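Chemist: Here's a structure for you.
Protein chains in written order, with the working numbering: chain A, 2 to 345; chain B, 2 to 345; chain C, 2 to 345; chain D, 2 to 345.
Right under this line is the structure:
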């Protein structure tokens, strides 16, 4: 079976395994106070164009999300999220377990608009019963979204303007950031992300690392005591250098961008094959996740050889499914699938 | 500099790195539903003599602690811990952040006694104001303790009896379990642990793994929906097979026990060298952590070549410090330190 | 100014003030362990036809809601609520602060349907990723709803059937229960409520008491240690007999039902006056809360003499507003308003 | 039976009942936005000598405590309390349920010393592992303490100095403030309390009100959005004017101070009677709570006619018990008890 079911189904890029092997006998301080974390942070600061950024490494995405939210919000404050946002849809209520309400909004193409956010913030601002409702204080969006779509620079800039107007923090979940930055037709750079967000993270788990996410804090209000939040939320790795080492490996020579760009290219290639066959996309994703609407027969045929993920039933004869290409996808895997799609 | 400051200062046992490399190109399902987790769980069930045990793999110790506590307790229930317990002393209030009170008791040699536990449980049982205080429902102990000491089988059996009498869960933090089971003069086996605890975990991070802890649930009441607690608490690794693979490697042929036993042997050797020099131990630890009371002059001399950890000041001229031997300590490192101690 | 803005704008029914004065010099045990709480509980058990019910008195509605939810749910479980539900819309995220997700559903006439609930429960049941989402375990509805509407016996019975099928608890917020039971054309009795709910509460604050709500627990699973949850959530009144005394006064001779029925009769009278004038209702409420859609001119005219509450703007020239009749509304207040409406 | 078991065993001072009756037919806005709350706040500002103070009214003490703590602390911060503190000993873990660790210290005469607090704060300040422990950020003390003792002005001033040095908030639980200010030999005024604390509350429940506590915030950092915390924590009374009305009644002409002073005078009288009989006090309390060490025989004799509270067993033949005098204690009740003590 060939797996397209997700982008975290294989270990790590060989360069990372090599780095782990090369340093395995060296001993380090624990908890992220080590030369690799320091070097990785410096590479990331340089890459995002913000030498003033604080960079912290945590193990996974759910942790990154609830830790960042805990660190940014007071108890009576809430976070605005599209209804499709990962924090709302796939984290077992971790944000609420941490005490915060998520204000969900309908998502178009997996995205929020500046106007939607402004409406919620304005509703609170003019509310005569402010103390009976939570104060929206943070906007959570994913880049790319859970459906593979990306915000344009214009859209992000408009969201930033609303955040400035209403005093909201902008938090960008970049679990798949590399793929989003490589989006076909996209115009957002990692420097834009760092310029527009108050806090965001760079996903490693789905982009070539064994595991790990790099949280980047731009807003000085959010920097103090962040390590206390990390530890309290169980997101501090004892052997912290393992995270620094991986991010240094991914960022010091651009590897992160190379491998995610290559994956997006293959995904576009794959999409073309489905499209050529007349198979519709659920959303027009320019990144590594592709959602297709298959007939039951097509689905059954492809399931014989490929692993992919059900998303939702469409009607009695059609299902929406997800195919993920990743940093670890082999060209021959894509070629095989293309051929089988053509033969459907 | 030679590091004795902790037992998580190097990567992983070579067998684990090799296993990671060998499987790096294989693709798996995520979130711990994979053949390696299954195989590792089977090895652990066999090793602990409990085929009925549920086994879950999480990333680190703090997570293991607060996730287990969250899964076992209702909001009005509390956990009894020695004042030196890791959950009380080193986890940034993570248990309280999760909503639970820790009832701390004085620790003798880092340990609780059955009598102490019974006293707290009895105090609640006879309280005329039960609803104004929390219900002690769990006992948290570490094996070995944070000071390297271990409970005898008699002590553990007595604690179990009190837990049975009062309906308390016994949770054993085994972050350093391997070292505890290899304790000089110890009489507790891993099968005893599994027979006496309701839930415990087997530490990987400090015992040869890159990272990871295996939670073992014996009490059927505590099994349902445990994976929901893991996910909600951010302790579920996307590439879950990395944990299963490591624990399979450590347990299928006894490697876990070999490397921790060897570490304890070296620690005993080291303790003998300090003792021979007339340097007192703070506690008489039979495991890999050794606490010595050094004069300022001795401390300064050893600091030139070795990294070790301050524990607490004793008086104007003496400090208590910790030396850790671990699965990764080299015989020549111990020999060097022994020679330097002898030369003090 | 005459107030129709809410149903908690005056003190208490004279019988309650008299009871307070009559007993002011008597001394009691604290925290709800007293003869009045006992007698009140007995009256309520008799009234609802469930001698096995546990009855607890708390101070207010928000407390009643989050305490009940805390007592019923484990951390990974969530509560289904209409988007208009009080716990979602007016409690500053108290439920989330307590750690639980609210699964909101669109509300028709302020109500949920059995089919909607079944759909959410079924989605969870068949989910291949159960541990990544919360488990819906409780249904929260209000009787009457926040818009004054009521469920029919058929609707409640259907909801109960879904709860039984999926193992959900049914929690009925009865902050205005008296008004709901007196609904024009309604067919639900308090015995029905007690037969169909697992837990519900009888509102005192809005129905003649100075303050206080009586939580009634029918499901034996939910009874143990409820007083611990009450105390932990700050809902236990030191002078608990004040609550018992009030509920005894309201229930021992049917006063509760008399005063709320009278209020609903006046509300129907009032509605008829608006309707006769051609002023539309926002929803067709058969209880004490009436929502009318006024023109700006009508609104301005009525604001000169009456206090009522804005609900939401409808369009440039119309606003939806709420008029509340209550146990304390005087017939002449209603007559005055009717005359002024007729004169608009 | 004559009750000395607590200071909340009777309703309210007659002036309060009268005020409730006089205003029962007036209608008000809800949630504490009303003329009585405004007037009461003004009286309190004047009384405490701080026109800049924010004053909020909540229902009870546990609520006041956990709401204040929630409003003052971030998740990684903790509160220092004597081990006898109400938040630690009598609130079912409410503070931990809200997510915060309590750092308990041994109490001498129910009190903390400035030196103890400084030691904890200094330990954190110099800790090399700050992110692994909670940051002490608030000091919680009671005035008077749970054992009836009071701090001297010197002691409070010293504690304030330590709070200033380490950036700690001083929170004073004044559930029995009136009795503390009337302490025999005490030298602390309510103006001192308001000058030294960052936030404190004035107890009504135990000092003549039906119920209610007035939270007074001095530190401007703690003022914003406090009403949101009140609502979220279930401490906002719908009929908020009931609280304002009571506090206005107690403060506009000094009634609060008169009735608590009278109670303390009776308590001193009572203590003299026990002392004259050779019955030792457990602690030398200058306020309304008196703890005596009775023989079993004395206890049995007094139990025939009086209700009082067991505190703790002392030895096989002695028990420590509490007698409370209060605003509602009648002179003849004290005289009867004195006579019976003399006759023991």
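A virtual CB, placed ideally from N, CA and C, is assigned to each residue, including glycine. For clarity, every value in this text was computed on a predicted model and none was experimentally measured.
Along the chain, where does the beta strand (DSSP E) containing residue 1 of chain C start, and where does it finish?
Modeler: A question about residue 1 of chain C goes unanswered here, because the residues of chain C that appear run from 2 up to 345.
Chemist: Determine the extent of the alpha helix (DSSP H) in which residue 106 of chain C is found, giving its start and end residues.
Modeler: Run containing residue 106 of chain C: none in the alpha helix (DSSP H); it sits in the beta strand (DSSP E), 103-106.
Chemist: Can you list, in chain order, the residues of its chain whose CB lies under 7 Å from that of residue 249 of chain B, leaving out five sequence neighbours each side?
Modeler: 37, 40, 41, 44
Chemist: Nearest CA to the CA of residue 72 of chain A: which residue from A:306, A:293, A:289, A:230?
Modeler: A:230
Chemist: Check residue 270 of chain B in the structure and name its three-state DSSP category.
Modeler: helix
Chemist: Any C-beta of chain A sitting closer than 8 Å to the C-beta of residue 91 of chain C?
Modeler: yes
Chemist: Determine whether the Cβ of residue 289 of chain C lies closer than 8 Å to any Cβ atom of chain D.
Modeler: no
Chemist: For the alpha helix (DSSP H) containing residue 202 of chain C, list its first residue and its last residue.
Modeler: That residue, residue 202 of chain C, is in no alpha helix (DSSP H); its beta strand (DSSP E) goes 200-204.
Chemist: Could you tell me whether the Cβ atoms of residue 199 of chain C and residue 220 of chain C are closer together than 8 Å?
Modeler: yes
Chemist: For the region 202-215 of chain C against the region 46-66 of chain C, do three or more pairs of beta-carbon atoms, one drawn from each stretch, fall closer than 8 Å, so that the two count as touching?
Modeler: yes
Chemist: Among all the DSSP beta bridges, which residues are the ones paired with residue 325 of chain A?
Modeler: A:290
Chemist: Out of curiosity, what's the CA-to-CA distance linking residue 264 of chain B and residue 337 of chain B?
Modeler: 16 Å
Chemist: According to DSSP, is residue 26 of chain B helix, strand or coil?
Modeler: coil
Chemist: Can you pull the chain B residues whose beta carbon is under 7 Å from the beta carbon of residue 64 of chain A, in chain order?
Modeler: 235
Chemist: Show which residues of chain A have a CB atom less than 8 Å away from the CB atom of residue 156 of chain C.
Modeler: The premise fails here: residue 156 of chain C is roughly 26 Å from chain A at the closest Cβ pair, so nothing lies under 8 Å.
Chemist: What is the DSSP secondary structure of residue 4 of chain A, counted as helix, strand or coil?
Modeler: strand
Chemist: Is residue 313 of chain D helix, strand or coil when you go by DSSP?
Modeler: strand
Chemist: Out of curiosity, what's the CA-to-CA distance linking residue 266 of chain C and residue 9 of chain C?
Modeler: 18 Å
Chemist: Cβ of residue 261 of chain D within 8 Å of Cβ of residue 325 of chain D?
Modeler: no
Chemist: Sorted by chain position, which residues of the same chain lie with C-beta nearer than 7 Å to residue 89 of chain D's C-beta, five sequence neighbours on each side aside?
Modeler: Cβ neighbours of residue 89 of chain D within its own chain (closer than 7 Å, five residues either side excluded): 82, 103, 105.
Chemist: Have a look at residue 256 of chain D and residue 139 of chain B and give me their C-alpha separation to the nearest angstrom.
Modeler: 48 Å
Chemist: Express the C-alpha separation of residue 130 of chain A and residue 4 of chain C in angstroms, rounding to a whole number.
Modeler: Computed Cα separation, rounded: 18 Å.
Chemist: Flag this pair as yes or no: are the beta carbons of residue 91 of chain B and residue 101 of chain D separated by less than 8 Å?
Modeler: no
Chemist: Flag residue 1 of chain B as yes if its beta-carbon sits less than 8 Å from any beta-carbon of chain C, otherwise no.
Modeler: Because chain B here runs from 2 to 345, residue 1 of chain B falls outside it and cannot be looked at.
Chemist: Any Cβ of chain D within less than 8 Å of the Cβ of residue 161 of chain A?
Modeler: no
Chemist: Starting from residue 171 of chain B, follow the beta strand (DSSP E) in both directions and report where the run begins and ends.
Modeler: 170-174
Chemist: Taking three-plus beta-carbon pairs below 8 Å as touching, is the region 109-128 of chain D in contact with the region 291-298 of chain D?
Modeler: Between the region 109-128 of chain D and the region 291-298 of chain D there are fewer than three C-beta pairs closer than 8 Å, too few to call the two in contact.
Chemist: Residue 24 of chain C touches chain D at which residues, Cβ-Cβ below 8 Å?
Modeler: 12
Chemist: If contacts are defined as beta-carbon pairs under 8 Å, then residue 329 of chain B and residue 94 of chain D qualify, I think. What distance do you get, rounded to the angstrom?
Modeler: Not a contact, Cβ separation roughly 41 Å.
Chemist: Would a C-beta distance cut-off of 8 Å place residue 251 of chain B and residue 12 of chain B closer than the cut-off?
Modeler: no
Chemist: What separation, rounded to the nearest whole angstrom, lies between the Cα atoms of residue 202 of chain C and residue 46 of chain C?
Modeler: Their backbone Cα atoms lie some 12 Å apart in a straight line.
Chemist: Along the chain, where does the beta strand (DSSP E) containing residue 55 of chain D start, and where does it finish?
Modeler: 55-59
Chemist: Using the Cα positions of residue 98 of chain D and residue 99 of chain B, report the straight-line distance between them to the nearest angstrom.
Modeler: 7 Å
Chemist: Kindly indicate if chain D contains any beta-carbon less than 8 Å away from that of residue 148 of chain B.
Modeler: no
Chemist: Using the Cα positions of residue 151 of chain B and residue 321 of chain B, report the straight-line distance between them to the nearest angstrom.
Modeler: 20 Å
Chemist: Within the continuous beta strand (DSSP E) that includes residue 78 of chain B, where are the two ends?
Modeler: 78-83
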